[in-house]
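>
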Amino acid sequence: MLLIGIPTIITLAEQSWTTEAGSHGPIVIATGAWLIWHQGLLRSPVTPGPRQSWPAYLLIGFALASWIFGRAYDLLLLEGSGFYGAFLAMVALRVGWRRIFSNLFPFSYLAFLIPIPGWVLDYVTAPLQQLVSISASSLLSMLGYPVFREGVVITVAQYQLLVEEACAGMNSLMGLMSVSMFYIYLLHRASWKHAALLALCIIPIAVVVNIIRVSILILLTYHYGDAVAQGFMHATTGMLLFAVALSLMVLTDKLLRMLLGSAKVRI
Numbered sequence: 035m036l037l038i039g040i041p042t043i044i045t046l047a048e049q050s051w052t053t054e055a056g057s058h059g060p061i062v063i064a065t066g067a068w069l070i071w072h073q074g075l076l077r078s079p080v081t082p083g084p085r086q087s088w089p090a091y092l093l094i095g096f097a098l099a100s101w102i103f104g105r106a107y108d109l110l111l112l113e114g115s116g117f118y119g120a121f122l123a124m125v126a127l128r129v130g131w132r133r134i135f136s137n138l139f140p141f142s143y144l145a146f147l148i149p150i151p152g153w154v155l156d157y158v159t160a161p162l163q164q165l166v167s168i169s170a171s172s173l174l175s176m177l178g179y180p181v182f183r184e185g186v187v188i189t190v191a192q193y194q195l196l197v198e199e200a201c202a203g204m205n206s207l208m209g210l211m212s213v214s215m216f217y218i219y220l221l222h223r224a225s226w227k228h229a230a231l232l233a234l235c236i237i238p239i240a241v242v243v244n245i246i247r248v249s250i251l252i253l254l255t256y257h258y259g260d261a262v263a264q265g266f267m268h269a270t271t272g273m274l275l276f277a278v279a280l281s282l283m284v285l286t287d288k289l290l291r292m293l294l295g296s297a298k299v300r301i
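Taking our numbering, the leading residue of the sequence shown gets 35, the next gets one more, and so forth.
(1) I need the boundaries of the beta strand (DSSP E) containing L177, first residue and last residue.
(2) Can you give me the Cβ contacts of A99 inside the same chain, cut-off strictly under 8 Å, excluding the 5 residues immediately before and after it?
(3) Might you give, ordered along the chain, the residues of its own chain that have their beta carbon closer than 6 Å to the beta carbon of F139, omitting 5 neighbours on each side?
(4) May I have the straight-line CA-CA distance separating I44 from F121, to the nearest angstrom?
(5) In whole angstroms, give me the CA-to-CA distance for F141 and I70.
(6) Examine the Cβ distances between the region 235-248 and the region 76-87 and report whether three or more of them are shorter than 8 Å.
(7) Whose CA, out of V125, I246, M283, L147, lies closest to the CA of G272?
(8) Which residue comes first and which comes last in the alpha helix (DSSP H) that contains Y143?
(9) How would you call Q194, buried or exposed, if buried means at least 16 neighbouring beta carbons within 10 angstroms?
(10) Tell me, to the nearest whole angstrom, how far the beta carbon of S214 is from that of P149; I am working on the premise that it is less than 8 Å.
(11) Sort I94, I63, R132, S281 by Cα distance to T81 and report the nearest one.
(12) In terms of alpha-carbon separation, which member of M211, Y91, V129 lies closest to P79?
(13) Under the DSSP definition of a beta bridge, which residues are partnered with Y193?
(14) Go through the region 68-145 residue by residue and report every complete run of the alpha helix (DSSP H) that reaches 4 residues or more, in order.
(15) Under a three-way DSSP split, which group does E184 fall into?
(16) For A145, I'd like the list of residues in its chain whose CB is within less than 8 Å of its CB, leaving aside the five on either flank, ordered along the chain.
(17) Considering only the beta carbon of each residue, do L177 and G59 sit closer than 7 Å?
(18) As a quick exercise: from V284, A67, T255, V248, pick the residue whose alpha carbon is nearest that of L162.
(19) Around the Cβ of C201, are there at least 16 other Cβ atoms within 10 angstroms (buried) or fewer (exposed)?
(20) Taking the alpha-carbon of E184 as reference, which of L251, S167, H228, W101 has the nearest alpha-carbon?
(21) What is the DSSP secondary structure of T45, counted as helix, strand or coil?
(22) Is the separation between the beta-carbon of I94 and that of A123 shorter than 7 Å?
(23) Quick one: residues in its chain with C-beta nearer than 7 Å to the C-beta of S175, no 5 flanking neighbours on either side, listed in chain order?
(24) Quick check on W101: buried or exposed, where buried means 16 or more other Cβ atoms within 10 Å of its Cβ?
(25) I need the DSSP call for S296, collapsed to helix, strand or coil.
(26) Output the distance between the C-alpha atoms of V154 and L112, rounded to the nearest integer angstrom.
(27) Report the three-state DSSP secondary structure of W51 (helix, strand or coil).
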């Protein structure tokens with residue numbers, strides 16, 4: 035695991051974790067490792083029988099083939115998937131498949147480390163990107179700003195802004211989902227209904243926060259010029275509103291607890 039894990043983690047750090055779409059990687063690997071250690075999931079090893087061993091060895095074979103192919107052709111998806119598959123197989127050989135399936139979240143949570151190809155993100159987030167563009171331009175038009183939208187290109191005064199996935203904050207969606215799922219698991223793993231409700235709120239919160247971000251960038255461009263909006267304020271608004279999104283998740287959690295606790299609503 036060290037022989038294939040260290041090169042893969044170095045590659046992820048260089049190619050994925052430095053981007054907005056993969057910036058959640060260090061958080062996931064740190065919190066996931068802590069979760070597995072804290073719950074003692076790798077302690078008390080067992081000796082698996084042949085029925086448990088052969089699926090693990092089969093998975094190791096496929097995982098190593100995927101890792102070698104991905105490493106040779108610089109395909110992070112295959113390399114990361116191979117490392118993750120080999121990790122699950124090693125765990126199964128140590129503590130058995132039953133412990134993995136009975137503690138599914140800690141092990142499946144680490145799958146957020148596998149980088150998603152850009153074309154998949156583009157396909158999935160394209161509708162959200164359009165929604166953010168339409169909502170931000172409509173909001174500012176109602177406030178009296180000279181905003182015109184054509185597709186994902188927004189014109190304000192003499193400036194034109196292209197609302198890309200990164201600008202719309204859609205690339206940070208995976209990071210928000212991973213951190214939110216970790217928060218939900220820690221606080222509500224005993225209440226799956228409450229956890230399911232919170233999980234459904236992740237995407238609406240992300241969309242609302244990204245509408246605010248794009249609106250702020252348009253206002254900065256209109257009042258202070260393109261240099262300010264595309265300079266340090268571009269990254270700063272992304273970090274601040276990511277924190278706002280997490281705060282909204284905590285606030286939503288408290289509201290649900292108040293409503294479901296006081297009204298005793300049956301779900």
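Using N, Cα and C, we set each Cβ at its ideal position, and we do this for glycine too. It should be emphasised that the depicted structure is a prediction, and the values quoted were computed from it without experimental measurement.
Taking the geometry as given:
(1) Along the sequence shown, one-based indexing puts residue 177 at 143. No beta strand (DSSP E) contains L177, which DSSP labels as neither H nor E.
(2) Looking up residue 99 in the sequence shown gives position 65. Taken in chain order, the residues that qualify are G116.
(3) For the purposes of this step, residue 139 is taken as the residue at position 105 of the sequence shown. Answer for F139: Y219, listed in chain order.
(4) Here the question's residue 44 lines up with position 10 in the sequence shown. Here the question's residue 121 lines up with position 87 in the sequence shown. Looking at the two C-alpha atoms, the distance is approximately 17 Å.
(5) The count along the sequence shown starts at 1 and reaches residue 141 at position 107. The count along the sequence shown starts at 1 and reaches residue 70 at position 36. Looking at the two C-alpha atoms, the distance is approximately 8 Å.
(6) no
(7) Indexing the sequence shown from 1 puts residue 272 at position 238. Checking every option, the nearest Cα to that of G272 belongs to I246.
(8) Walking along the sequence shown from the start, residue 143 turns up at place 109. Segment 138-143, the alpha helix (DSSP H) holding Y143.
(9) Counting from one through the sequence shown, the residue named residue 194 turns up at place 160. By the neighbour-count rule (16 or more Cβ atoms within 10 Å), Q194 is not buried but exposed.
(10) Against the sequence shown, residue 214 aligns to sequence position 180. Against the sequence shown, residue 149 aligns to sequence position 115. In fact, because the Cβ distance is near 19 Å, the residues do not count as touching under 8 Å.
(11) Locating residue 81 in the sequence shown gives position 47, counting from the first residue. When each option's Cα is compared against that of T81, the closest is R132.
(12) As a working note, residue 79 is residue 45 in the sequence shown. The residue with the shortest Cα to Cα distance from P79 is V129.
(13) One-based indexing of the sequence shown puts residue 193 at position 159. Answer by DSSP bridge pairing, in chain order: V190.
(14) 84-106, 110-129, 131-136, 138-143
(15) Counting from one through the sequence shown, the residue named residue 184 turns up at place 150. Strand.
(16) In the sequence shown, counting from the first residue as 1, residue 145 sits at position 111. Answer for A145: Y118, listed in chain order.
(17) On the sequence shown, residue 177 is found 143 positions in, with the first residue counted as 1. On the sequence shown, residue 59 is found 25 positions in, with the first residue counted as 1. No. Outside cutoff.
(18) Counting from 1 along the sequence shown, the entry for residue 162 is found at position 128. Out of V284, A67, T255, V248, V248 has the C-alpha closest to the C-alpha of L162.
(19) Position 167 of the sequence shown, counted from the start, is the residue given in the question as residue 201. With a pLDDT of 48 at C201, under the threshold of 50, the predicted position of this residue should be treated as unreliable, and no value is reported.
(20) Start at 1 with the first residue of the sequence shown, and residue 184 comes out as number 150. The candidate whose alpha carbon is nearest that of E184 is S167.
(21) Counting from one through the sequence shown, the residue named residue 45 turns up at place 11. In the structure shown, T45 sits in a helix (DSSP, three-state: H, G or I).
(22) Mapped onto the sequence shown, residue 94 falls at position 60. Mapped onto the sequence shown, residue 123 falls at position 89. Cβ distance < 7 Å, so I94 and A123 count as in contact.
(23) The residue you call residue 175 lines up with position 141 of the sequence shown. The answer, listed in chain order, is V181.
(24) Sequence index remark: in the sequence shown, residue 101 carries index 67 (1-based). By the neighbour-count rule (16 or more Cβ atoms within 10 Å), W101 is buried.
(25) Numbered from 1 along the sequence shown, position 262 holds the residue referred to as residue 296. Low confidence applies to S296: its pLDDT is 43, below 50, so where it sits in the model is not reliable enough to give any reading.
(26) By 1-based counting over the sequence shown, the position of residue 154 is 120. By 1-based counting over the sequence shown, the position of residue 112 is 78. In a straight line, the C-alpha of V154 is about 14 Å away from that of L112.
(27) Working through the sequence shown from its first residue, we reach residue 51 at position 17. Coil, per DSSP.
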